[in-house]
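Note sheet for the following structure.
There are 2 protein chains.
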Amino acid sequence: MRPQLSQRGRLMPASPIRKLMPLADEARQRGLRVYHLNIGQPDLPTPAALRSRLAGVPEVVAYTPSGGTAEFLGALQRYYRRLALPLELNELIATTGGSEAVLFAVLATCNDGDEILVVEPFYTNYIAFATMAGVRLVPVASRGEDGFHLPPLAAFERALSPRTRAVMLCNPNNPTGTVYTRAEIEAIGAFCRERGLFLISDEVYREFVYDGREATSALSLPGLEEHVILVDSLSKRFSACGLRLGCLATRNRDVYQAALRMAQGRLSPPGLAQLAALGIDELGADYYAGVVREYQARRDVLFAGLSEIPGLFLRKPEGAFYFVARLPIRDGEDFARFLLSEFSQDGATVMVAPAQGFYASPELGADEVRIAYVLEKRDLEASVRILAAAIPAYRAARGLDAMAPAPAPSAPAADFHRPVV
Amino acid sequence: MRPQLSQRGRLMPASPIRKLMPLADEARQRGLRVYHLNIGQPDLPTPAALRSRLAGVPEVVAYTPSGGTAEFLGALQRYYRRLALPLELNELIATTGGSEAVLFAVLATCNDGDEILVVEPFYTNYIAFATMAGVRLVPVASRGEDGFHLPPLAAFERALSPRTRAVMLCNPNNPTGTVYTRAEIEAIGAFCRERGLFLISDEVYREFVYDGREATSALSLPGLEEHVILVDSLSKRFSACGLRLGCLATRNRDVYQAALRMAQGRLSPPGLAQLAALGIDELGADYYAGVVREYQARRDVLFAGLSEIPGLFLRKPEGAFYFVARLPIRDGEDFARFLLSEFSQDGATVMVAPAQGFYASPELGADEVRIAYVLEKRDLEASVRILAAAIPAYRAARGLDAMAPAPAPSAPAADFHRPVV
Numbered sequence: 035m036r037p038q039l040s041q042r043g044r045l046m047p048a049s050p051i052r053k054l055m056p057l058a059d060e061a062r063q064r065g066l067r068v069y070h071l072n073i074g075q076p077d078l079p080t081p082a083a084l085r086s087r088l089a090g091v092p093e094v095v096a097y098t099p100s101g102g103t104a105e106f107l108g109a110l111q112r113y114y115r116r117l118a119l120p121l122e123l124n125e126l127i128a129t130t131g132g133s134e135a136v137l138f139a140v141l142a143t144c145n146d147g148d149e150i151l152v153v154e155p156f157y158t159n160y161i162a163f164a165t166m167a168g169v170r171l172v173p174v175a176s177r178g179e180d181g182f183h184l185p186p187l188a189a190f191e192r193a194l195s196p197r198t199r200a201v202m203l204c205n206p207n208n209p210t211g212t213v214y215t216r217a218e219i220e221a222i223g224a225f226c227r228e229r230g231l232f233l234i235s236d237e238v239y240r241e242f243v244y245d246g247r248e249a250t251s252a253l254s255l256p257g258l259e260e261h262v263i264l265v266d267s268l269s270k271r272f273s274a275c276g277l278r279l280g281c282l283a284t285r286n287r288d289v290y291q292a293a294l295r296m297a298q299g300r301l302s303p304p305g306l307a308q309l310a311a312l313g314i315d316e317l318g319a320d321y322y323a324g325v326v327r328e329y330q331a332r333r334d335v336l337f338a339g340l341s342e343i344p345g346l347f348l349r350k351p352e353g354a355f356y357f358v359a360r361l362p363i364r365d366g367e368d369f370a371r372f373l374l375s376e377f378s379q380d381g382a383t384v385m386v387a388p389a390q391g392f393y394a395s396p397e398l399g400a401d402e403v404r405i406a407y408v409l410e411k412r413d414l415e416a417s418v419r420i421l422a423a424a425i426p427a428y429r430a431a432r433g434l435d436a437m438a439p440a441p442a443p444s445a446p447a448a449d450f451h452r453p454v455v
Numbered sequence: 035m036r037p038q039l040s041q042r043g044r045l046m047p048a049s050p051i052r053k054l055m056p057l058a059d060e061a062r063q064r065g066l067r068v069y070h071l072n073i074g075q076p077d078l079p080t081p082a083a084l085r086s087r088l089a090g091v092p093e094v095v096a097y098t099p100s101g102g103t104a105e106f107l108g109a110l111q112r113y114y115r116r117l118a119l120p121l122e123l124n125e126l127i128a129t130t131g132g133s134e135a136v137l138f139a140v141l142a143t144c145n146d147g148d149e150i151l152v153v154e155p156f157y158t159n160y161i162a163f164a165t166m167a168g169v170r171l172v173p174v175a176s177r178g179e180d181g182f183h184l185p186p187l188a189a190f191e192r193a194l195s196p197r198t199r200a201v202m203l204c205n206p207n208n209p210t211g212t213v214y215t216r217a218e219i220e221a222i223g224a225f226c227r228e229r230g231l232f233l234i235s236d237e238v239y240r241e242f243v244y245d246g247r248e249a250t251s252a253l254s255l256p257g258l259e260e261h262v263i264l265v266d267s268l269s270k271r272f273s274a275c276g277l278r279l280g281c282l283a284t285r286n287r288d289v290y291q292a293a294l295r296m297a298q299g300r301l302s303p304p305g306l307a308q309l310a311a312l313g314i315d316e317l318g319a320d321y322y323a324g325v326v327r328e329y330q331a332r333r334d335v336l337f338a339g340l341s342e343i344p345g346l347f348l349r350k351p352e353g354a355f356y357f358v359a360r361l362p363i364r365d366g367e368d369f370a371r372f373l374l375s376e377f378s379q380d381g382a383t384v385m386v387a388p389a390q391g392f393y394a395s396p397e398l399g400a401d402e403v404r405i406a407y408v409l410e411k412r413d414l415e416a417s418v419r420i421l422a423a424a425i426p427a428y429r430a431a432r433g434l435d436a437m438a439p440a441p442a443p444s445a446p447a448a449d450f451h452r453p454v455v
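One line per chain: the protein sequences are R and S, in this order. So in my numbering, spot 397 of the first sequence is number 431, and the numbers just go up one at a time. So in my numbering, spot 244 of the second sequence is number 278, and the numbers just go up one at a time.
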C-alpha cells in the first residue's frame with residue numbers, strides 16, 4: 035500500500051523566487067546573460083573580518099551550546115547595545131538564519147489552526163513556515179499608491195478572529211522596500227498590546243534605510259516587552275547569506291524558554307558560521323555607511339530608469355533592497371517567463387520575481403513584480419534598458435495593446451502616507 | 035493584555051541530555067573534573083581533509099541551492115554508491131544536520147494529530163520535532179533483556195491506529211547501541227509496506243558497528259522505494275557535529291518534492307559546512323576502519339568494567355557509541371544529580387543522561403541511564419571506577435539498601451534475540 039504525503043506536505047508552496055530558475059538556466063545555455071533582479075543575494079563581498087576567522091577553526095568542530103556560543107551571543111549583545119537596544123544574553127538565541135527564528139516564533143505563539151496577521155505583499159517564505167506549522171496567514175493589504183505603508187488599523191481590526199495570535203511585520207520591508215515610520219510601529223504595537231497579540235518583527239534589513247531615514251525597532255517600544263519577538267539575520271547586513279546565521283530576541287521569558295527548548299531539540303546552530311560571525315565586532319559605523327551608500331546609489335539608478343518606462347508605477351523605495359513595481363501587464367509570472375524564454379536584447383535578459391507569490395489574496399499582485407537591486411550600477415542600467423524594451427514587446431506578443439492601452443501611472447491617492455494612528 | 039504561549043510551546047521538552055548541564059558547571063567551579071558520559075560529542079578530531087577546505091572560502095558567502103550544492107550532493111552520491119546504495123542527485127536533499135531531515139520527514143508524512151510508531155527507548159530529540167509538528171509518538175517498547183532488539187510485530191500491530199502514518203527507526207540505535215539484523219529490518223519493511231506506512235530510517239551511526247557486524251540500510255530493501263525516508267548526518271561519522279550538515283534521501287517523488295519545497299522555504303543549508311564536507315571524498319576505508327577500531331576498543335573497556343559492578347545490567351552493545359544500562363536505583367535523574375552535586379572520588383565525577391527522557395512511556399526507564407563513550411580509554415576507566423563507588427554510595431545515601439537488596443542481573447529472557455519475522 036502506497037503511503038500518502040501529508041496535507042501540509044502537499045500544501046507547501048514552491049518558492050516563487052526560485053521556481054523559474056530552470057528557465058534562467060536554459061537562457062544561459064542559449065548563450066544569454068541573465069541579470070538576476072529576482073533574488074536578494076547581495077553581490078558585495080562578505081567582510082574579510084568574518085572570513086578570516088575561519089583560519090581559527092578548532093580541531094574538533096563540535097556542537098555549540100543550543101542557544102549559541104557565549105562569544106557569538108556577546109557580539110550580538112554589543113551590536114544591539116550600539117543601537118540602544120539593550121538585551122540580556124538570556125534574551126538572545128542564535129538561529130540557523132532568520133528563517134529558523136521565524137519558525138520558532140510561529141511555533142511558540144501558534145497552535146495548528148491559529149492565525150497570524152501579515153501586511154501583504156509580504157516575504158513569501160512566511161507561507162512556508164506557516165504551512166509547516168499549520169498556521170493561517172491572514173493578509174491585510176497595503177497598496178502601492180500608499181507606498182505600501184500600513185493600512186489603517188480598522189483593516190487589522192477587521193482581520194481579527196478568535197484564532198489570531200500575532201502580527202508579523204517586516205521592517206524595512208521585503209518585498210516593498212517600505213520603511214515604516216515610528217508612528218506606524220507604535221500604532222501596531224498599541225494594537226498588539228490591546229488585543230493581547232504577539233508582535234513578530236522581522237528586522238533583517240535594519241541598516242538598509244535611505245535618504246536619512248531610521249528604522250524603528252519593535253524592541254524599542256515601551257510596554258511591549260511581553261509581546262515583541264525579534265527576528266534577525268546576518269545574511270544581508272554582512273553579505274553572508276550562506277552562513278545561515280541569525281537570532282531570535284525576546285524579553286518574554288515564556289517565549290525565550292520555549293524557543294530555547296526547540297533550539298535544544300535541533301542541538302545547535304551552525305558552528306563555523308558562529309566562528310566567522312565573531313568578526314562583526316571589527317566592523318564600525320563606516321562599514322554600515324558604505325553599504326548603505328552603495329545600495330542607495332543603486333536604488334537611485336533603478337528608480338530613475340524605471341520611472342521613465344511608460345505604464346510602470348513605482349513609488350520611491352525607502353529601504354531594504356527590493357521594491358514592488360506595477361507593470362502594464364496582467365500576469366507577472368507569464369511576463370517573467372517571457373523574459374527568460376522569448377526575449378533578449380544585446381544578448382541579455384532579466385529575471386524578475388512575479389509578485390503573486392508575495393500575496394495571500396489570490397486577486398492581488400498579478401500585475402506586479404518584485405525587483406531586487408543587488409547588482410552593480412552598470413548591470414542595473416542594462417537591466418532597465420532591457421525592461422524598457424521588453425514591456426512593449428510583451429504587450430505586443432500577448433495582444434494586450436489591442437485590449438487596452440497601457441495605463442498611465444496612477445495619481446497619488448488621497449490617503450497616501452496617511453498615518454495609521 | 036499579555037499574550038500566551040502556544041500549547042506546543044508549553045509542551046516542548048527540555049533536552050534531558052543537556053538540562054543537568056548547570057550542575058556540571060557548578061561541579062567544575064568546585065574544582066571537580068567531570069567525565070561527560072552524557073552527550074554524544076565525539077572527541078576525535080574532525081578530519082583535516084574537511085577543515086582544510088575552509089581555506090577556499092569564497093569572497094561572497096552566498097546562498098547555496100536549497101537542496102544543497104551540486105558538489106556536496108555529488109560527494110554524498112559517491113559515498114552512498116560505495117555502500118551499494120545508488121541514489122540519484124534528485125533523491126538527495128542537504129539538510130541542517132540530521133535534525134532538519136527528521137523535521138522534514140515528520141512534516142511531509144504527518145498532519146497535526148497523526149501518529150508515528152517508535153521503538154522505545156528512542157533518541158529523545160524525536161519528541162522535540164514531534165511536538166513542533168503536533169505529532170504523537172506512539173512507543174513500542176524494547177527490553178534490555180533482549181538487547182533492545184525489536185519487539186515482535188504483534189506489538190507494532192497493537193500500537194497501530196487510523197492516525198498512524200510512519201514507523202521511525204534508528205539503526206544502529208541511539209540510545210541503546212543495538213544493531214538490528216537484516217531480518218529485523220526486512221520484517222519492519224514488510225510491515226510498513228502492508229500497512230501503507232512510511233519508514234523513517236535514521237542511520238547516522240551506520241559505520242559504528244562492532245564485532246564484524248553490518249548495519250542494514252532501509253534503502254537496500256526492495257519494494258520499499260515509496261516508503262523509505264532516510265535521515266543521515268555527517269556529525270558522528272566525521273566527528274563534525276558543529277557543521278550542522280546532514281541529508282534526507284528518498285526515492286518517493288512526492289516526499290522529495292515536499293521536502294525540497296520546505297528546503298526552499300528556509301533558503302539553503304549551511305554553506306561553509308557544505309564547503310568543508312567536500313573533503314569526505316578524500317577519506318577511504320582506512321578512515322572508517324580506524325574510527326570503528328577506536329570506538330570498539332572503548333566499548334570493550336566500558337563493557338568489561340561496568341559488567342563487574344554489582345547490580346548493573348547491560349548486554350554487550352553492538353554499535354553506535356551509546357548504551358542504556360540498568361542500575362540498582364529507582365530514579366536515574368536523581369542519581370545523575372547525586373553524581374554531580376553530592377559525590378566525587380579523587381577530585382572527579384561522572385555525568386550520565388537519565389534514561390527516562392528516552393522513553394515516551396512514563397513507567398519505563400526510571401532505573402536506567404544512557405552512557406556515551408566518546409572519551410579516551412583512560413578516562414573511561416576512571417569513569418568506571420567512579421561509577422563503581424558512586425552506586426553503593428547513592429544507595430546508602432537514599433536508604434535503598436534498607437528497602438531492598440541490590441538486584442542481581444536478570445537472566446537472559448527466553449525470547450532473547452527472538453527474530454521478529
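Backbone N, C-alpha and C define an ideal beta-carbon position, used for all residues, glycine too.
Boundaries cannot be given for R/Val-238, as no beta strand (DSSP E) includes it and DSSP labels it neither H nor E. Among the residues of chain S, none has a CB under 7 Å from the CB of R/Cys-204; the nearest is roughly 15 Å distant. When only Cα atoms are considered, S/Leu-233 and S/Ile-219 end up about 10 Å apart. The beta carbon of R/Val-153 sits closer than 6 Å to those of Val-174 and Ser-176, all from its chain and outside the five residues before and after it, given in chain order. Here the C-alpha atom of R/Ile-150 lies approximately 7 Å from the C-alpha atom of R/Met-202. Taking every protein chain shown into account, the CB of S/Gln-298 has 16 or more other CB atoms within 10 angstroms, so this residue is buried.
Residue environment analysis places R/Glu-191 among the exposed positions, since fewer than 16 neighbouring C-beta atoms fall within 10 angstroms of its C-beta. Within its own chain, the residues whose Cβ lies closer than 8 Å to the Cβ of R/Leu-301, once the five positions on either side in sequence are excluded, are Tyr-97 and Ser-100, listed in chain order. Interface annotation for the stretch 265–299 of chain S against chain R: Ser-273, Ala-274, Cys-275, Gly-276, Leu-277, Arg-278, Asp-288, Val-289, Ala-292, Arg-295, Met-296, Gln-298 and Gly-299, criterion Cβ-Cβ distance under 7 Å. Taken through DSSP and simplified to helix, strand or coil, S/Phe-182 comes out as coil.
Excluding residues up to 5 positions away in sequence, Gln-379 lie with their Cβ nearer than 7 Å to the Cβ of R/Ala-423 in the same chain.
When CB distances to chain R are screened at a threshold of 7 Å, the residues of the stretch 50–77 of chain S falling below it are Arg-52, Gln-75 and Asp-77, in chain order. Restricted to the stretch 145–189 of chain R, the beta strand (DSSP E) segments that are unbroken, complete and at least 3 residues in length are 149–154 and 170–175, listed in chain order. With contact defined as three or more Cβ pairs closer than 8 Å, the stretch 273–285 of chain R and the stretch 240–252 of chain R are not in contact. Note that the C-beta distance between S/Tyr-428 and S/Ile-363 is below 8 Å.
Under the DSSP assignment, S/Met-385 falls outside any alpha helix (DSSP H), being part of the beta strand (DSSP E) whose first and last residues are 382–385.
Of the other Cβ atoms in all chains shown, fewer than 16 fall within 10 Å of the Cβ of R/Ser-395; this residue is therefore exposed. S/Thr-143 carries a helical assignment under DSSP once its states are collapsed to helix, strand and coil. Neighbours of R/Met-35 across chain S, judged by C-beta separation under 8 Å: Arg-227, Glu-228, Arg-229 and Gly-230.
Between the stretch 349–361 of chain R and the stretch 197–214 of chain R there are three or more inter-stretch CB-CB distances shorter than 8 Å, so the stretches are counted as touching. If you compare the alpha carbons of R/Ser-195, R/Arg-197 and R/Ser-254 with that of R/Ala-217, the shortest gap goes to R/Ser-254. Taking CB atoms only, S/Ser-40 has a neighbour in chain R less than 8 Å away.
The Cβ neighbour count for S/Ala-319, taken over all protein chains shown within 10 Å, is under 16; the residue is labelled exposed.
Close to S/Asp-180, with beta-carbon spacing below 9 Å, lies no residue of chain R; the smallest spacing is near 28 Å. Take S/Thr-383, set aside five residues on each side of it, and the residues of its chain with a beta-carbon closer than 7 Å to its own are Ala-61, Leu-66, Val-68, Leu-373, Leu-374, Phe-377 and Ile-420, in chain order.
Taking 8 Å as the threshold, the shortest C-beta distance from R/Phe-347 to chain S does not fall below it. Around the beta carbon of S/Gly-366, 16 or more other beta carbons sit within 10 angstroms, so the residue counts as buried.
Taking a Cβ-Cβ threshold of 7 Å, none of the residues of chain S is close to R/Met-385; the smallest such distance is about 15 Å. When 9 Å is used as the limit between beta carbons, S/Val-94 is near these residues of chain R: Gln-75, Pro-76, Asp-77, Leu-78, Pro-79, Thr-80, Ser-273, Ala-274, Cys-275 and Gly-276, in chain order. Listed along chain R, the residues sitting closer than 9 Å to S/Glu-260 by beta-carbon distance are Arg-36 and Pro-37. Pairing R/Leu-171 with R/Gly-313 gives a Cβ-Cβ distance that is not under 8 Å. Residue-level contact check: S/Arg-197 does not touch chain R, since none of the beta carbons of chain R fall below 8 Å from its beta carbon. Residues of the stretch 108–137 of chain R whose Cβ lies closer than 8 Å to any Cβ of chain S, in chain order: Thr-130, Gly-131, Ser-133, Glu-134 and Leu-137. If only complete runs of 3 or more residues are kept, the stretch 328–407 of chain S shows the beta strand (DSSP E) at 356–360, 382–385 and 402–406, in order along the chain. The Cβ of R/Ser-251 sits no closer than 8 Å to any Cβ of chain S.
R/Thr-284 is bridged by DSSP to R/Ile-263.
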